[in-house]
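Numbering (the numbering used here), first residue to last: 767 to 928.
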(Lines of atoms letter the chains of each structure in order from A; the text may use other names.)
(Lines give C-alpha, C1' and ligand atoms only; values in the text may rest on other atoms or scores of the structure.)
Protein backbone atom coordinates (compact mmCIF):
# COMPACT_ATOMS: atom_id res chain seq x y z
CA UNK A 767 0.00 0.00 0.00
CA UNK A 768 1.16 3.54 -0.70
CA UNK A 769 2.44 5.94 1.90
CA UNK A 770 -0.88 7.82 2.03
CA UNK A 771 -2.72 4.69 3.33
CA UNK A 772 -4.95 4.36 0.26
CA UNK A 773 -4.07 2.15 -2.71
CA UNK A 774 -2.77 4.11 -5.68
CA UNK A 775 -4.28 3.60 -9.12
CA UNK A 776 -1.17 1.62 -10.06
CA UNK A 777 -1.69 -0.72 -7.11
CA UNK A 778 -5.41 -0.98 -7.82
CA UNK A 779 -4.99 -2.09 -11.44
CA UNK A 780 -1.61 -3.77 -10.86
CA UNK A 781 0.29 -1.53 -13.25
CA UNK A 782 3.67 -0.10 -12.34
CA UNK A 783 4.39 2.21 -15.24
CA UNK A 784 2.23 4.65 -17.12
CA UNK A 785 3.02 6.46 -20.35
CA UNK A 786 2.45 9.76 -18.58
CA UNK A 787 0.74 11.38 -15.63
CA UNK A 788 -2.08 12.24 -18.06
CA UNK A 789 -2.65 8.55 -18.87
CA UNK A 790 -2.49 7.75 -15.16
CA UNK A 791 -5.06 10.48 -14.38
CA UNK A 792 -7.45 9.29 -17.11
CA UNK A 793 -7.25 5.69 -15.88
CA UNK A 794 -7.70 6.87 -12.29
CA UNK A 795 -10.85 8.82 -13.23
CA UNK A 796 -12.28 5.90 -15.23
CA UNK A 797 -11.61 3.28 -12.55
CA UNK A 798 -12.94 5.55 -9.79
CA UNK A 799 -16.04 6.39 -11.84
CA UNK A 800 -16.71 2.70 -12.50
CA UNK A 801 -16.40 1.90 -8.79
CA UNK A 802 -18.78 4.70 -7.82
CA UNK A 803 -21.26 3.65 -10.52
CA UNK A 804 -21.18 -0.03 -9.52
CA UNK A 805 -21.52 0.78 -5.82
CA UNK A 806 -24.43 3.13 -6.48
CA UNK A 807 -26.13 0.55 -8.72
CA UNK A 808 -25.86 -2.14 -6.03
CA UNK A 809 -27.32 0.25 -3.49
CA UNK A 810 -30.21 1.41 -5.72
CA UNK A 811 -31.10 -2.16 -6.70
CA UNK A 812 -32.49 -2.75 -3.19
CA UNK A 813 -35.04 0.01 -3.94
CA UNK A 814 -35.90 -1.48 -7.34
CA UNK A 815 -34.21 1.33 -9.26
CA UNK A 816 -31.42 1.60 -11.78
CA UNK A 817 -29.00 4.50 -11.65
CA UNK A 818 -30.71 6.02 -14.71
CA UNK A 819 -34.18 5.73 -13.12
CA UNK A 820 -32.85 7.35 -9.95
CA UNK A 821 -31.43 10.17 -12.06
CA UNK A 822 -34.86 10.80 -13.66
CA UNK A 823 -36.53 10.92 -10.24
CA UNK A 824 -33.81 13.23 -8.92
CA UNK A 825 -34.36 15.60 -11.88
CA UNK A 826 -38.13 15.61 -11.35
CA UNK A 827 -37.74 16.25 -7.62
CA UNK A 828 -35.57 19.26 -8.42
CA UNK A 829 -38.34 20.66 -10.63
CA UNK A 830 -41.22 19.71 -8.30
CA UNK A 831 -44.01 20.83 -8.25
CA UNK A 832 -43.47 22.03 -11.82
CA UNK A 833 -43.84 19.45 -14.60
CA UNK A 834 -41.14 18.42 -17.05
CA UNK A 835 -41.02 16.91 -20.52
CA UNK A 836 -39.13 13.90 -21.80
CA UNK A 837 -36.85 16.23 -23.79
CA UNK A 838 -36.08 18.33 -20.71
CA UNK A 839 -35.29 15.19 -18.72
CA UNK A 840 -33.05 13.89 -21.53
CA UNK A 841 -31.10 17.17 -21.58
CA UNK A 842 -30.50 16.97 -17.82
CA UNK A 843 -29.52 13.28 -17.67
CA UNK A 844 -25.99 12.43 -16.54
CA UNK A 845 -25.84 9.84 -19.32
CA UNK A 846 -27.10 11.58 -22.46
CA UNK A 847 -27.41 8.19 -24.20
CA UNK A 848 -30.10 7.00 -21.77
CA UNK A 849 -33.53 6.42 -23.30
CA UNK A 850 -35.58 8.89 -21.26
CA UNK A 851 -38.91 7.75 -22.76
CA UNK A 852 -38.30 4.15 -21.74
CA UNK A 853 -37.18 5.22 -18.26
CA UNK A 854 -40.32 7.34 -17.84
CA UNK A 855 -42.46 4.36 -18.93
CA UNK A 856 -40.86 2.13 -16.29
CA UNK A 857 -41.16 4.73 -13.53
CA UNK A 858 -44.79 5.40 -14.44
CA UNK A 859 -45.51 1.66 -14.19
CA UNK A 860 -44.02 1.78 -10.66
CA UNK A 861 -46.30 4.77 -9.87
CA UNK A 862 -43.28 6.97 -9.12
CA UNK A 863 -44.31 9.61 -11.66
CA UNK A 864 -47.34 10.60 -13.70
CA UNK A 865 -47.74 11.67 -17.30
CA UNK A 866 -50.54 13.94 -18.45
CA UNK A 867 -51.28 15.78 -21.65
CA UNK A 868 -50.53 19.49 -21.46
CA UNK A 869 -53.79 21.49 -21.49
CA UNK A 870 -52.31 24.33 -23.56
CA UNK A 871 -50.49 22.09 -26.09
CA UNK A 872 -52.01 18.65 -26.55
CA UNK A 873 -48.84 17.45 -28.34
CA UNK A 874 -46.86 18.04 -25.15
CA UNK A 875 -46.78 15.54 -22.27
CA UNK A 876 -46.13 16.79 -18.74
CA UNK A 877 -44.26 14.55 -16.32
CA UNK A 878 -44.44 15.04 -12.54
CA UNK A 879 -42.96 13.01 -9.70
CA UNK A 880 -45.62 11.45 -7.44
CA UNK A 881 -45.67 11.52 -3.65
CA UNK A 882 -44.56 7.86 -3.79
CA UNK A 883 -41.56 8.95 -5.85
CA UNK A 884 -40.72 11.74 -3.40
CA UNK A 885 -41.06 9.33 -0.46
CA UNK A 886 -38.76 6.81 -2.14
CA UNK A 887 -36.11 9.48 -2.77
CA UNK A 888 -36.34 10.53 0.87
CA UNK A 889 -35.62 6.92 1.92
CA UNK A 890 -32.66 6.78 -0.48
CA UNK A 891 -31.18 10.16 0.54
CA UNK A 892 -29.96 9.18 4.01
CA UNK A 893 -27.80 6.18 3.03
CA UNK A 894 -26.47 7.94 -0.09
CA UNK A 895 -25.19 10.75 2.08
CA UNK A 896 -22.82 8.30 3.85
CA UNK A 897 -20.30 8.63 1.00
CA UNK A 898 -20.72 12.39 1.18
CA UNK A 899 -19.94 12.20 4.90
CA UNK A 900 -16.74 10.28 4.20
CA UNK A 901 -15.69 12.80 1.56
CA UNK A 902 -16.53 15.71 3.86
CA UNK A 903 -13.44 14.78 5.89
CA UNK A 904 -11.35 16.06 2.99
CA UNK A 905 -10.33 19.72 3.25
CA UNK A 906 -12.81 21.97 1.44
CA UNK A 907 -10.02 23.57 -0.60
CA UNK A 908 -9.11 20.10 -1.93
CA UNK A 909 -12.73 19.38 -2.86
CA UNK A 910 -12.98 22.73 -4.64
CA UNK A 911 -9.81 21.95 -6.56
CA UNK A 912 -11.02 18.43 -7.47
CA UNK A 913 -14.23 19.95 -8.84
CA UNK A 914 -12.34 22.58 -10.83
CA UNK A 915 -10.05 19.97 -12.38
CA UNK A 916 -12.94 17.59 -13.15
CA UNK A 917 -14.84 20.46 -14.80
CA UNK A 918 -11.84 21.08 -17.06
CA UNK A 919 -11.39 17.38 -17.86
CA UNK A 920 -15.12 16.98 -18.64
CA UNK A 921 -14.94 20.00 -20.96
CA UNK A 922 -11.95 18.58 -22.84
CA UNK A 923 -13.52 15.11 -22.96
CA UNK A 924 -16.59 16.45 -24.77
CA UNK A 925 -14.39 18.29 -27.25
CA UNK A 926 -12.29 15.25 -28.13
CA UNK A 927 -13.01 11.62 -28.73
CA UNK A 928 -10.88 9.59 -26.34
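Just so you know, even glycine gets a beta-carbon here, dropped at the ideal spot from N, CA and C.
{"query": "Whole-Å CB distance - residue 877 paired with residue 834, under 8 angstroms assumed", "result": "5 angstroms"}
{"query": "Three-state secondary structure assigned by DSSP to residue 924", "result": "helix"}
{"query": "Option nearest residue 922 by Cα separation, candidates 858, 777, 792, 772", "result": "792"}
{"query": "Nearest to residue 814 (by Cα), restricted to the options 905, 773, 782, 886", "result": "886"}
{"query": "Rounded separation between residue 827 and residue 881 - CA only", "result": "10 angstroms"}
{"query": "C-alpha distance - residue 851 paired with residue 774, whole-angstrom precision", "result": "40 angstroms"}
{"query": "For residue 864: DSSP bridge partner residues", "result": "878"}
{"query": "Beta-carbon proximity list for residue 857, same chain, < 8 angstroms, skipping 5 on both sides", "result": "819, 822, 823, 863, 883"}
{"query": "Helix, strand or coil at residue 870 according to DSSP, with G and I counted as helix", "result": "coil"}
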